[in-house]
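Chains as they are written, first to last, in this note's numbering: chain A, 1 to 159; chain B, 1 to 507. Before any comments, here is the structure.
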Amino acid sequence: MGLIRRIVSLGKLAQPQPSLDPAREIRPDLSSGSLVLRHVDAGSCNGCEIELSACFSPIYDLESFGVSLTASPRHADGLVVTGVVTRNMQKPLMDAYIATPGPKAVVALGDCAINCNGLREGYGVTGAVADHLDVDLEIPGCPPEPAEIVAALRRVSKR
Amino acid sequence: MTEWDYSPTVGINVKRESVTVEPEGLPRAVSQQLEKGARLALASAIDDADQIRLVYAFVSPNPDLRTEISVNLPSNDPVITSLAPLSFPASRFEREFHDLFGVKIANHPMPRRLVRHGHWLPTWYPMRHNAGVAKFSLEDDPGYPFVPVKGTGIYEIPVGPIHAGLIEPGHFRFYAVGETVVKLKIRLWFLHKGLEKLFEGMEPTAGVALSEKISGDSSIGHSLAYVLAVEEALGVTVNPDVALARAMLLELERLYNHVADVGAMANDVGYSVANSHALALREELLRINRGITGNRLLRGAIKIGGISLIGDLKLDQLRNIAESFQELAEIIVGNPMVHERFSHTATLLRADALLLGALGPVARSVGIATDARIAHPFVGLPIEAALEASGDVMARFSLRVKEFQASAKLLGEFGSILSERALPNGTLVAARQDSPRRQGFGLVEGWRGTIANRVELDDSGHLSRVKVVDPSWFNWPALPLAMAETIVPDFPLANKSFNLSYSGNDL
Ligand code: SF4
């Protein structure tokens, strides 16, 4: 079977997502309808990355809610940070933050990014994201499931 | 359904030996092991207060033999002579001994720092018990002493630690002429958290959740290696059904990761629609994981002495996924552009892979039949190592397709064990005071290759040392070799075809 036939036979895979409650929207100063994020793994186990990438699968189709990832922080509206902040990633994280033009949002994705998730005492760990940057949005879970990530990021993309 | 007797007890056929040698006798003891064909699977330093103990764990298959060679060094002046002339992996473990424990390595051919980053104070050895508070100074980072590559037309491309995509951090420095890479230097350990030290002082049961965070995509692989090591240290044997169920979870982990890699490789040659299809299949697999264990990454299932499951594996659903995956894989390689980009790209030579001690799909795609499920089984299953020979991206792609199908077949035959509700749910053994060994060693064939974990318990039954070795630790040095003569734009593809762990390497 060729690709075209496969696409036709599978049909639309995107799963309907609940409608967005405008009362939960945040950061009204950021543009409405789109949110371009630079992802920074500051000390993750790579578990949060699996679920973040799942958000961009055809099932969750996060891009249809205006959220996309970009390679350069200079093109970004903000950072989505995963993991604890290690000593060795502290400077690269801050560099990426400084390179992102304001106004900008910071999203802490996963329990490690929010509260270190039991790793705070590691000698290579400086703390959670909020110990370094003002965090606008926390998405809890180890890792958070894609539907939770989609719902949370839509509060910032407002779409 | 094939009838198969799986052997009943964890480690029943394992032979263990351990010897302590004088530092002068170490090279001889090590070369004896290597001459016998044993592989250095792990080397661990242990701070015993009055001495620094180095343990080298050699393993060989058939019979499953695990030999530990120990040397004791005075803690005030620990020095050994480098084993670099004998073993490349040993020479890297030595650099780790130096950076984390302050062991001096005499005659090391490459005595540069490995784990330590420039802003750690050079005389602060964090794994020593008396290391005290972390000593770092961001202002004084001298940068890494990259060996400059000089010549007409050679230029340098520094990349990372933060990369363009959704991946883990590391620094790559390419030296290129035109588009062709002359040399690639990889600097890692950006994710170094000090995980091994976090285990120290913990109850063994608490260590399971920590081991799941070593590398999230290998939550089963790492927690299982840890649990096997703890069970050996506690003298616990598990019910054979538990061992079989654990093996099945390991195969589920292989499935969702291999499907993701197959899609990502297609994506890196611009075939993103194929990646979307792969991601859709992965999503189905992650949901199956959730149905069985309550967690999409299969976390929380592995317990010391048991296993914890909440749902069944639907075999017909799995069969459909396997068929759909096969169709997708054929669509991907059937595309002439993909075929062209995959073939003869980033070829790893078999001789290099052998020298580096490469593991997992990276080794099997140059025809090296390494597989802990065969060499060091904790449950006997009818497994044959899938092999490819050409060592290029195409080989690593085709190998994953084969391994996916082999795992799906195994799950088809034995996966119904996951529906067995009477499996023991991790009851930790009481009489740990009289546990015979207080040391244990676990080997597990994760989807990236053989994961090793070595555990020591103190007199009160708490963890006193845990050493983790992800297969990526062995495989990372292979990537620059495969990149020689490859063009810079093919690096993302080459890197994806290896798909090594940063988190599992950096710890
Ligand atoms: S929150 Fe969980 S999944 Fe995410 S990085 Fe931390 S340990 Fe990994």
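Even glycine gets a Cβ: it sits at the ideal position worked out from N, Cα and C.
query = In chain order, which continuous runs of the beta strand (DSSP E) of length 3 or greater are located wholly inside the region 47–99 of chain B?
reply = Counting only runs of 3 or more, we get 51–60, 65–74 and 79–81.
4-residue-minimum alpha helix (DSSP H) runs that sit fully inside the region 57–102 of chain A, ordered along the chain = If you keep only unbroken alpha helix (DSSP H) runs of at least 4 residues inside the region 57–102 of chain A, you get 87–99.
ask   = If we ignore side chains and look at the alpha-carbon of each, how far apart do Ala-128(A) and Pro-336(B) end up?
value = Here residue 128(A) refers to the residue found at position 128 when the first sequence is read from its first residue. Here residue 336(B) refers to the residue found at position 336 when the second sequence is read from its first residue. Here the alpha carbon of Ala-128(A) sits roughly 47 Å from the alpha carbon of Pro-336(B).
task = From the DSSP output, in three-state form, read off Lys-467(B) for me.
result = If you number the second sequence from 1, residue 467(B) lands on position 467. Strand at Lys-467(B).
ask   = the region 446–474 of chain B: which residues have C-beta closer than 8 Å to a C-beta of chain A, in chain order?
value = Of all residues in the region 446–474 of chain B, none has a Cβ within less than 8 Å of some Cβ in chain A.
ask   = Under 9 Å between C-beta atoms, does Pro-58(A) make it to chain B?
value = For the purposes of this step, residue 58(A) is taken as the residue at position 58 of the first sequence. Pro-58(A) counts as touching chain B.
ask   = Taking all protein chains shown into account, do 16 or more other C-beta atoms lie within 10 angstroms of the C-beta of Asp-371(B), making it buried, or fewer, making it exposed?
value = The residue you call residue 371(B) lines up with position 371 of the second sequence. Around the beta carbon of Asp-371(B), 16 or more other beta carbons lie within 10 angstroms, which makes this residue buried.
Residue burial classification, Ala-431(B) (beta-carbon count within 10 angstroms, cutoff 16) = What you label residue 431(B) is simply residue 431 of the second sequence in a count that begins at 1. Legend: pLDDT at Ala-431(B) = 40, less than 50; position of this residue unreliable, no value from coordinates given.
inquiry  = Under 8 Å: do the region 212–222 of chain B and the region 296–308 of chain B share three or more Cβ pairs, one atom per stretch?
reply    = The way I'd put it, the region 212–222 of chain B does touch the region 296–308 of chain B; three or more beta-carbon pairs between them come closer than 8 Å.
Same chain, Cβ closer than 8 Å to Asn-117(A), five either side skipped, listed in chain order = For the purposes of this step, residue 117(A) is taken as residue 117 along the first sequence, with counting starting at 1. Residues Val-84, Gly-110, Asp-111 and Cys-142 of the same chain have their beta carbon placed closer than 8 Å to that of Asn-117(A), with the five preceding and five following residues left out of the count.
message = Check whether chain A comes within 9 Å of Tyr-56(B), counting only Cβ atoms and requiring the distance to be less than that.
response = The residue given as residue 56(B) occupies position 56 in the second sequence. It does not; no Cβ of chain A falls within 9 Å.
message = Any beta carbon from chain B within less than 9 Å of Ala-147(A)'s own beta carbon?
response = Here residue 147(A) refers to the residue found at position 147 when the first sequence is read from its first residue. Closer than 9 Å: no.
query = Within the present structure, is the beta-carbon of Asn-117(A) separated from the nearest heavy atom of ligand 1 by less than 8 Å?
reply = Translated into positions along the first sequence, residue 117(A) becomes position 117. Asn-117(A) Cβ: within cutoff of ligand 1.
ask   = According to DSSP, what are the bridge partners of Ser-44(B)?
value = Working through the second sequence from its first residue, we reach residue 44(B) at position 44. Beta-bridge pairing links Ser-44(B) to Val-55(B).
key: CB contact check: Glu-168(B) to chain A, cutoff 9 Å   = Along the second sequence, read from residue 1 onward, the residue named residue 168(B) stands at position 168. True, the Cβ-Cβ gap to chain A drops below 9 Å.
task = Using a Cβ cut-off of 9 Å, pull out every chain A residue sitting near Leu-418(B), in sequence order please.
result = Indexing the second sequence from 1 puts residue 418(B) at position 418. Contact of Leu-418(B) with chain A by beta-carbon distance below 9 Å is absent, the smallest such distance being about 21 Å.
key: Nearest-angstrom Cα separation, counted from Ala-105(A) out to Leu-35(A)   = For the purposes of this step, residue 35(A) is taken as residue 35 along the first sequence, with counting starting at 1. For the purposes of this step, residue 105(A) is taken as residue 105 along the first sequence, with counting starting at 1. Those two C-alpha atoms are separated by around 9 Å.
request  = Spatial neighbours of Glu-51(A) within its chain, please: CB distance less than 7 Å, with the 5 preceding and 5 following residues excluded, ordered by chain position.
outcome  = Looking up residue 51(A) in the first sequence gives position 51. Its chain contains Pro-143, Pro-144, Glu-145, Pro-146 and Ile-149 as the residues whose beta carbon lies nearer than 7 Å to that of Glu-51(A), once the 5 sequence neighbours on both sides are disregarded; these appear in chain order.
inquiry  = Can you tell me which residues form a DSSP beta bridge with Ile-572(B)?
reply    = Since the first and last residues shown for chain B are 1 and 507, residue 572(B) lies out of range.
message = Please state whether the Cβ-Cβ distance between Pro-92(A) and Ile-162(B) is less than 9 Å.
response = In the first sequence, the residue the question calls residue 92(A) occupies position 92. In the second sequence, the residue the question calls residue 162(B) occupies position 162. Contact check for Pro-92(A) against Ile-162(B) passes: the beta carbons are separated by less than 9 Å.
Exposure of Arg-112(B), with buried meaning 16 or more beta-carbon neighbours within 10 Å = Stepping through the second sequence from its first residue, residue 112(B) is reached at position 112. Under a 10 Å Cβ-count criterion, Arg-112(B) is classified as exposed, with fewer than 16 other Cβ atoms of the shown protein chains found around its own Cβ.
Residue span of the beta strand (DSSP E) that contains Gly-102(B), given as start and end = Here residue 102(B) refers to the residue found at position 102 of the second sequence. No beta strand (DSSP E) contains Gly-102(B), which DSSP labels as neither H nor E.
task = With DSSP collapsed to three states, give me the class of Thr-511(B).
result = Past the boundaries of the shown model lies residue 511(B); chain B is included only from 1 to 507, so the question cannot be answered.
request  = Measuring from each Cβ to the nearest heavy atom of ligand 1, keep the ones under 6 Å and list them in chain order.
outcome  = That gives Ser-44(A), Cys-45(A), Gly-47(A), Cys-48(A), Thr-82(A), Gly-83(A), Gly-110(A), Asp-111(A), Cys-112(A), Asn-117(A), Cys-142(A), Pro-143(A), Lys-213(B) and Gly-216(B).
task = Could you confirm whether any beta carbon from chain B is found closer than 9 Å to the beta carbon of Ile-139(A)?
result = Position 139 of the first sequence holds residue 139(A). Chain B contact via Cβ: absent.
request  = Could you name each continuous alpha helix (DSSP H) segment of 4 residues or more that falls completely within the region 203–232 of chain B, going from the start of the chain to the end?
outcome  = Fully enclosed alpha helix (DSSP H) runs of 4 or longer: 204–211.
query = From the beta carbon of Lys-104(A), is the nearest beta carbon of chain B less than 9 Å away?
reply = On the first sequence, position 104 is the one that residue 104(A) refers to. Any Cβ of chain B closer than 9 Å to the Cβ of Lys-104(A) would place that residue at the interface, and such an atom is absent.
key: Top-ranked residue by Cα proximity to Leu-411(B), from Leu-285(B), Asn-499(B) and Pro-89(B)   = Numbered from 1 along the second sequence, position 411 holds the residue referred to as residue 411(B). Of the candidates Leu-285(B), Asn-499(B) and Pro-89(B), Leu-285(B) places its Cα closest to the Cα of Leu-411(B).
request  = Say whether chain A places a C-beta atom closer than 9 Å to the C-beta of Val-429(B).
outcome  = The residue given as residue 429(B) occupies position 429 in the second sequence. Because Val-429(B) carries a pLDDT of 46, less than 50, the predicted location of this residue cannot be relied on, and the following value inherits that uncertainty. With respect to chain A, the C-beta atom of Val-429(B) has no partner C-beta closer than 9 Å.
key: Reduced DSSP category for Leu-10(A) - H, G, I as helix; E, B as strand; rest coil   = Here residue 10(A) refers to the residue found at position 10 when the first sequence is read from its first residue. In the structure shown, Leu-10(A) sits in a helix (DSSP, three-state: H, G or I).
message = Can you tell me which residues form a DSSP beta bridge with Thr-450(B)?
response = For the purposes of this step, residue 450(B) is identified with residue 450 of the second sequence, where counting begins at 1. For Thr-450(B), which the question treats as bridged, DSSP gives the partners Glu-445(B).
request  = Determine the DSSP secondary structure at Glu-138(A), reduced to helix, strand or coil.
outcome  = The sequence position of residue 138(A) within the first sequence is 138, counting from 1. DSSP places Glu-138(A) in strand when its eight states are reduced to three.
task = For chain B, find out if any of its Cβ atoms is closer than 9 Å to the Cβ of Tyr-97(A); answer yes or no.
result = One-based indexing of the first sequence puts residue 97(A) at position 97. It does not: the Cβ of Tyr-97(A) has no partner Cβ on chain B nearer than 9 Å.
ask   = For the region 65–87 of chain A, which residues have a beta carbon sitting closer than 7 Å to at least one beta carbon of chain B?
value = Result list: Leu-69, Ala-71, Val-84, Thr-86 and Arg-87.
ask   = Of the choices Val-362(B), Val-182(B) and Pro-169(B), whose alpha-carbon is the least far from that of Ile-157(B)?
value = Translated into the one-based positions of the second sequence, residue 157(B) becomes position 157. Comparing Cα-Cα distances from Ile-157(B) to each of Val-362(B), Val-182(B) and Pro-169(B), the minimum goes to Val-182(B).
request  = Would you mind working out which of His-462(B), Asp-64(B), Ile-46(B) and Leu-252(B) sits nearest Arg-287(B), comparing C-alpha positions?
outcome  = As a first step, residue 287(B) is located in the second sequence; it is residue number 287 there, counting from the start. Closest option to Arg-287(B), Cα to Cα, is Leu-252(B).
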